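> Pasting in a structure now, in structure tokens, and then I'll have a few things to ask.
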């Protein structure tokens, strides 16, 4: 293109159009720079404002559990733990359902169903976090408290290892409910990307299996899924990336209590994002404030790493198709 | 014609002995495999059902609980003191629209400009870095964006909570989405269009503005509207930047109300009237986002340019 | 799509954009029109009017009567949720009187302290006084604690088996035990001992609810717990944010009341009006003199009697666990935080006028909402503070 551009330049209006081009390129370049500027400023400000906490607590910030304003001891382990647990629970619930739904749309559904279902999932992806939070606060939590959690406690509690996950009073506002609401929120993302990936599996793979007499499920299990494996993993990690940043929905169902790490899912807790949302405007001493900003820094790091891993996984197997696929998906 | 019908040939009796042709007959293992396949089909269908049912569950509650809150006062009046029933969320609706408009004013030119840069001039290290940073910013938790805008605008540059800071936070969230969509859509425009214009002697900037952009207009509008829909629902950054306001206000240099923040404040409070209003505000928000999504579909004319 | 369809779409987008702007403008016009229309005043919260003492006009009322040229049209305040019910009433009335929009957002006392300290709001509000260290950090110099009202923090609970007509009672030790995790069930012996006449105490786990944000209500509550329990003072201490050993967190008084309302067998601490307006049960507490006292206007006022004589000059005072047979032991002041030396004169004028109105005329709204009015001697001291606020060197309050 450069060659034809230069060749065409011989016939253009000369200096004025070259100036026009230069200005245009400069303006577009400046707009592109804005993204860099934002990122650099952001990281810089976060580091500057968390200085005191970084220096004072060092590595113990992410390994200790005490969050005490009076004694000025800040350890963010409960927040990191809460983020991890809710995300893992969310993924465990969301991935099977999302991949299943994607398989249905890609493999089983008659053509006339595909658009309505896709539209439905698109709507789900567009619902804002606060509405999930509202629904979780008024509808999901009472159901968890009165029905689901006691049932789980009764059924799984006595079992030796797994039972440890379901100890303590079933209040409804705990890490488990946080995980469930995250699962609902990331299902559309995972499903949309998985569907694109499954649709991109070459028909030859399927046809080969069917030709030797495989059943539908066997075709999927042995030809489609292994081929799409890393793409689906990428979709799951993309869902994870979204789960890490969710704030409002989680903060309304998770209980908002800084407590030492226990093994049970039924304890109220915090995620990093919800801790920041609850405490940022109120951190009224310098060291408290810098501790909260450090939590934001840790969150930034974690979500950046997860995002990069997700994109690498998806780009690796799909190239241009999936970057287009991701263009419309709410990630 | 003779009425005598011609008897069809009769196959010779099947030979006794091992049935050679029965290799295609089902055996017990095949039945098992078939059952397994059908069972999985049902399971997979159930997954799809769950995914769809959840949406209708959520939307259904929002409609059932939210519609009773809607009346003229809800849209035009401002909140009453604590505990007094009545009033409305007028300031929040006005504030949300204002903040989103300002965010779009800042975010759309920057996002479109960056997208143009990446697609038309984007080769080499700088472009790669911009793309990478764009993806990073797109993946930022919105609360972190809120912290950043608070530290930069609320604490330093403006000096107080302000609607403008809220708009800036939303713009930061919008820019990467627009950037990515615009870049992809512009890439889809055939090179032959550009080359034809260049061959006629049109300067490059005119080629982009006059030929490439217009032919990609639908996709660009899709990207912009998608990003607006996303920005409309953001709560966390607004809590930290624009605080809220119970009065009607155009002043961007002062705190402004916003619908998502209003929903949050009303939902966690104990007053039943406020709860109803929270559902009502959620309904309004869903309607706004739904309208924006419909706009997206109009823009693509029904064809799926972007996946999903 | 072809060029004509594209143009059609563009036209549609433009029109809808214009329509949205027009709609927004109409909304704003409606809103500003509505500001001047008289608003029917709400009914007083039932049950409170009976105990409200007869209010005579306080000396100094009636100075602020309407709009004033030279004052800012809008002020921003942020802070305590404890008095938010009162402030929301105050500022609605004040707006009707003077057309000044005082935008108060209840984000917690910690938020109020931070907002005034950083200068991100025009005034702050807190029920937990600022520490000396915090006062030193403040960007704009000296900060006044201007008292606004007195209120009581109640232990509110949600126990389905206990009817609304039955009131639970707690002695100090029981309350400490519930919140530090020693007492885990409603059927505990200590709770039974405090309530010999209540037979329906269920054998269920107690869920405690505390504040997830920086809170002056927390400050008053843990101030009381520390006063009655040296162990609490040692282990957990007093601040706007403490390390609670158990329980759920709610954001703001509103959030705690909301959580208690939503979760059966829970107990939390909120300002009185939040329990009353939401018909949540709240307990009587045994005061220092050994009497079980309810939080009422006269008992809260009683706990502040005599404080004026001994109060520190900067008016930061604690009145928990006060002497007197009628005193409600978990009471406290709530203050508005304002800089002594302000930089913008219109804002300073508006702020001082609002503060004067609040401490004089506004006090008549306190009783209906369950807040005690300030004692007259305290108001006198507040007057001195308000008159000392300066803008660029000159005193800001216009009517001396």
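Chains as they are written, first to last, in our numbering: chain A, 1 to 331; chain B, 332 to 639; chain C, 640 to 1039.
Where is the CB? At the ideal position from N, CA and C, for every residue including glycine.
Keep in mind that this is a model prediction, so the values were computed, not measured.
So is residue 871/C buried or exposed if we call it buried at 16+ other beta carbons inside 10 Å?
Taking the first residue of the third chain as position 1, residue 871/C is located at position 232. Burial call: buried.
> Going straight from the alpha carbon of residue 461/B to that of residue 629/B, what length do you get?
Along the second chain, read from residue 1 onward, the residue named residue 461/B stands at position 130. Along the second chain, read from residue 1 onward, the residue named residue 629/B stands at position 298. When rounded, the distance between both Cα atoms is 31 Å.
> Indicate whether residue 100/A and residue 243/A have their beta-carbon atoms separated by less than 8 Å.
As a first step, residue 100/A must be located in the first chain, where it is residue number 100. As a first step, residue 243/A must be located in the first chain, where it is residue number 243. For residue 100/A and residue 243/A, no; Cβs fall outside 8 Å.
> Quick one: using the 10 Å Cβ neighbour count with 16 as the cut-off for buried, is residue 842/C buried or exposed?
Position 203 of the third chain, counting from 1, holds the residue named residue 842/C. Exposed is the call here.
> Could you tell me which residues DSSP pairs with residue 742/C in its beta bridges?
Numbered from its first residue, the third chain carries residue 742/C at position 103. DSSP output for residue 742/C lists 715/C as bridge partner(s).
> So the candidates are 493/B, 434/B, 566/B, 471/B; which of them puts its Cα closest to the Cα of residue 1041/C?
One cannot answer for residue 1041/C here, as it falls past the ends of chain C, which runs 640 to 1039.
> Is residue 426/B closer than 8 Å to residue 612/B when the C-beta atoms are compared?
Along the second chain, read from residue 1 onward, the residue named residue 612/B stands at position 281. Along the second chain, read from residue 1 onward, the residue named residue 426/B stands at position 95. Going by C-beta atoms, residue 612/B is not nearer than 8 Å to residue 426/B.
> Alpha carbon to alpha carbon, what distance is there between residue 131/A and residue 599/B?
Counted from its first residue, the second chain places residue 599/B at position 268. Counted from its first residue, the first chain places residue 131/A at position 131. Distance between the alpha carbons of residue 599/B and residue 131/A: 13 Å.
> Which residues share a DSSP beta bridge with residue 970/C?
Here residue 970/C is taken as the residue at index 331 of the third chain, counted from 1. Looking at the DSSP assignment, residue 970/C forms a beta bridge with 791/C.
> Can you find a CB in chain B that lies within less than 8 Å of the CB of residue 1031/C?
Within the third chain, numbered from 1, the residue matching residue 1031/C stands at position 392. So no, residue 1031/C is outside the interface.
> Among 382/B, 361/B, 495/B, 363/B, which has the Cα closest to the Cα of residue 188/A?
Numbered from 1 along the first chain, position 188 holds the residue referred to as residue 188/A. Minimum Cα distance to residue 188/A is reached at 382/B.
> Return the CA-CA distance between residue 994/C and residue 851/C, expressed in angstroms with no decimal places.
Along the third chain, read from residue 1 onward, the residue named residue 994/C stands at position 355. Along the third chain, read from residue 1 onward, the residue named residue 851/C stands at position 212. Whole-angstrom Cα-Cα distance: 29 Å.
> State buried or exposed for residue 410/B, treating a residue as buried only when at least 16 other CB atoms are found within 10 Å of its CB.
Here the question's residue 410/B lines up with position 79 in the second chain. Looking at its Cβ environment, which holds 16 or more other Cβ atoms inside 10 Å, residue 410/B is buried.
> Cβ of residue 855/C less than 8 Å from any chain A Cβ?
Locating residue 855/C in the third chain gives position 216, counting from the first residue. Not one chain A Cβ lies under 8 Å of residue 855/C.
> Put residue 596/B into one of helix, strand or coil per three-state DSSP.
Numbered from its first residue, the second chain carries residue 596/B at position 265. Reduced to three states, the DSSP call for residue 596/B is helix.
> Does DSSP put residue 944/C in a helix, a strand or coil?
For the purposes of this step, residue 944/C is taken as residue 305 along the third chain, with counting starting at 1. Residue 944/C falls in the coil class under three-state DSSP.
> Within the present structure, is the beta-carbon of residue 583/B separated from the nearest heavy atom of the ligand MG by less than 7 Å?
Although the ligand MG was asked about, the structure shown includes no ligands whatsoever.
> Compare the C-beta of residue 601/B with all C-beta atoms of chain C and state if any pair is closer than 8 Å.
On the second chain, residue 601/B is found 270 positions in, with the first residue counted as 1. It does: the Cβ of residue 601/B has a partner Cβ on chain C nearer than 8 Å.
> Thinking C-alpha only, which one of 952/C, 958/C, 933/C is nearest residue 943/C?
In the third chain, the residue the question calls residue 943/C occupies position 304. The residue with the shortest Cα to Cα distance from residue 943/C is 958/C.
> Does the CB of residue 593/B have a neighbour CB from chain C at under 8 Å?
Position 262 of the second chain, counting from 1, holds the residue named residue 593/B. Closer than 8 Å: no.
> Measuring only between beta-carbons, confirm whether residue 504/B sits less than 8 Å from chain A.
Taking the second chain and counting its residues from 1, the one referred to as residue 504/B is at position 173. Not an interface residue.
> Can you tell me where the alpha helix (DSSP H) with residue 905/C in it begins and where it stops?
Here residue 905/C is taken as the residue at index 266 of the third chain, counted from 1. That residue, residue 905/C, is in no alpha helix (DSSP H); its beta strand (DSSP E) goes 905 to 910.
> Please name the residues in the segment 61 to 73 of chain A whose beta-carbon is closer than 9 Å to at least one beta-carbon of chain C, in chain order.
The residues in question are 66, 67, 68, 69, 70, 71, 73.
> With distance defined between alpha-carbon atoms, name the residue in 617/B, 457/B, 430/B nearest to residue 30/A.
Indexing the first chain from 1 puts residue 30/A at position 30. Among 617/B, 457/B, 430/B, the Cα nearest to that of residue 30/A belongs to 457/B.
> Could you work out which residues of chain A lie near residue 909/C, taking near to mean beta carbons separated by less than 7 Å?
In the third chain, the residue the question calls residue 909/C occupies position 270. Correct list: empty, because the minimum Cβ distance to chain A is about 16 Å.
> Thinking residue 300/A and residue 471/B are a contact (beta carbons under 8 Å), I'd like their distance in whole angstroms, please.
In the first chain, counting from the first residue as 1, residue 300/A sits at position 300. In the second chain, counting from the first residue as 1, residue 471/B sits at position 140. The pair is a contact, with the Cβ atoms about 7 Å apart (cut-off 8 Å).
> Within 10 angstroms of its Cβ, does residue 1007/C collect 16 or more other Cβ (buried), or is it exposed?
Taking the third chain and counting its residues from 1, one reaches residue 1007/C at position 368. Result: buried.
> Residues of chain B with CB under 7 Å from residue 897/C, in chain order?
Translated into positions along the third chain, residue 897/C becomes position 258. Near residue 897/C (Cβ distances below 7 Å), the residues of chain B are 599, 600, 601.
> Taking the Cβ atom as the reference point for each residue, do residue 794/C and residue 922/C lie within a distance shorter than 8 Å?
Within the third chain, the letter at position 155 stands for residue 794/C. Within the third chain, the letter at position 283 stands for residue 922/C. In contact: residue 794/C and residue 922/C (Cβ atoms closer than 8 Å).
> Closer than 9 Å, Cβ to Cβ, to anything on chain A: give me those residues from the segment 772 to 792 of chain C, in chain order.
Those would be 772, 773, 776, in chain order.
> Evaluate residue 540/B with the Cβ neighbour count: other Cβ atoms within 10 Å of its Cβ, from every protein chain shown; 16 or more gives buried, anything less gives exposed.
Here residue 540/B refers to the residue found at position 209 of the second chain. With fewer than 16 other Cβ atoms within 10 Å, it is exposed.
> What does residue 1033/C pair with, by DSSP beta-bridge criteria?
Counting from 1 along the third chain, the entry for residue 1033/C is found at position 394. For residue 1033/C, which the question treats as bridged, DSSP gives the partners 1030/C.
> For residue 567/B, go through chain A and note every residue whose CB falls closer than 7 Å to its CB, in chain order.
Along the second chain, read from residue 1 onward, the residue named residue 567/B stands at position 236. In chain order: 247, 248, 277.
> Report all residues from its chain with a CB closer than 6 Å to the CB of residue 686/C; omit the five preceding and five following residues, and keep chain order.
Position 47 of the third chain, counted from the start, is the residue given in the question as residue 686/C. In this prediction, residue 686/C scores a pLDDT of 43, lower than 50, which makes its location untrustworthy; the coordinate-derived value is nonetheless stated afterwards. Hits under 6 Å: none found.
> Is the CB-CB distance between residue 717/C and residue 754/C below 8 Å?
Sequence index remark: in the third chain, residue 717/C carries index 78 (1-based). Sequence index remark: in the third chain, residue 754/C carries index 115 (1-based). The answer is yes: Cβ separation under 8 Å.
> Using 8 Å as the limit for Cβ to Cβ distance, is residue 444/B near chain F?
In summary, chain F is missing from the structure at hand, where the protein chains are A, B and C.
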